[in-house]
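Protein chains in written order, with this note's numbering: chain A, 1 to 115; chain B, 1001 to 1111.
For every residue, glycine included, the Cβ atom is placed at its ideal position computed from N, Cα and C.
Keep in mind it's a predicted model, so treat the numbers as computed, not measured.
Below is one structure, written out as structure tokens; the observations come after it.
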């Protein structure tokens, strides 16, 4: 298996632009997680899905952030409009289910820079 | 509020020694605790999971302890190697299945 796939790996954009990050989870995994990592705040959970349904989006910082999972093999995280403070590494992770013992498999991340 | 603390200072040790990393938490009653490894420019990789009713878990050169009274987990790497150099993250989960991560401790193993 190729593991969790994220694109793009790097994104540089200007403030006010729309940014879309993409994720393909591991085939057969039913749960998908979006995280953001910064030096100041560490790794923060933004939102997670189970069977394509959003379960908890309490970590989404603002209405500028939205996430979708139209099918089991694809998810997007969108920021509109982007701001410099959104600069971070965004990780997508997937797991077989939402059991507390399930391992989360992380993608390589997307490094976002908003100028 | 819930808080997970890992030593923010890097741990610098000599090859062959045992590395011990600490994870402390407050205002939290986790059912599970996990340890992940993260290399620069990569996503975290799962290493070990320990349940609240387990005191110790081992995997090859790795050992994790979980003390719910002290609200602390210790992560040990025995016979450390330069290839063990990375950032190690602890993560807690309760019945909601959300993982809350610590900020990580960077380990540097000198040859």
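Close Cβ partners of residue i (< 7 Å) along its chain, the five nearest in sequence each way excluded
i               : result
residue 91(A)   : 35, 37, 106, 107 and 109
residue 1016(B) : 1079 and 1080
residue 103(A)  : 95
residue 951(B)  : Lying outside 1001 to 1111, the shown extent of chain B, residue 951(B) is not represented and no answer is given.
residue 1085(B) : 1107, 1108 and 1109
residue 88(A)   : 36, 37, 38 and 112
Endpoints, beta strand (DSSP E) assigned at residue i
i               : result
residue 42(A)   : 42 to 50
residue 36(A)   : 31 to 38
residue 1086(B) : 1086 to 1093
residue 90(A)   : 88 to 95
residue 67(A)   : 65 to 71
residue 56(A)   : 53 to 56
residue 1110(B) : 1105 to 1110
residue 111(A)  : 110 to 114
residue 78(A)   : 74 to 79
residue 11(A)   : 10 to 13
residue 6(A)    : 5 to 7
residue 24(A)   : 19 to 24
residue 1099(B) : 1099 to 1101
Own chain residues within Cβ distance below 6 Å of residue i, not counting five before or after
i               : result
residue 1052(B) : 1031 and 1068
residue 68(A)   : 76
residue 45(A)   : 35 and 59
residue 16(A)   : 81
residue 33(A)   : 48 and 93
residue 1101(B) : 1089 and 1091
Contact check, residue i vs residue j, beta carbons under 7 Å
i               : j               : result
residue 55(A)   : residue 65(A)   : no
residue 1105(B) : residue 1021(B) : yes
residue 966(B)  : residue 1063(B) : Since the first residue of chain B shown is 1001 and the last is 1111, residue 966(B) is not available in this structure.
residue 1011(B) : residue 1034(B) : no
residue 1107(B) : residue 1044(B) : no
residue 1082(B) : residue 1111(B) : yes
residue 1047(B) : residue 1037(B) : yes
residue 115(A)  : residue 18(A)   : no
residue 1071(B) : residue 1025(B) : yes
residue 98(A)   : residue 31(A)   : yes
residue 42(A)   : residue 1093(B) : no
residue 1103(B) : residue 1023(B) : no
Own chain partners of residue i with C-beta closer than 8 Å, once the 5 adjacent residues on each side are dropped
i             : result
residue 74(A) : 22, 23 and 24
Closer than 6 Å: residue i CB and nearest the ligand ADP heavy atom
i               : result
residue 1025(B) : With respect to small molecules bound, the structure shown includes none, and the ligand ADP cannot be examined in it.
Just checking, does the region 6 to 19 of chain A make contact with the region 46 to 56 of chain A on the three C-beta pairs under 8 Å criterion?
-> no
Within the region 1004 to 1071 of chain B, ranges of the beta strand (DSSP E) (whole runs, at least 3 residues) | 1011 to 1014, 1019 to 1026, 1032 to 1038, 1045 to 1051, 1056 to 1059 and 1062 to 1067
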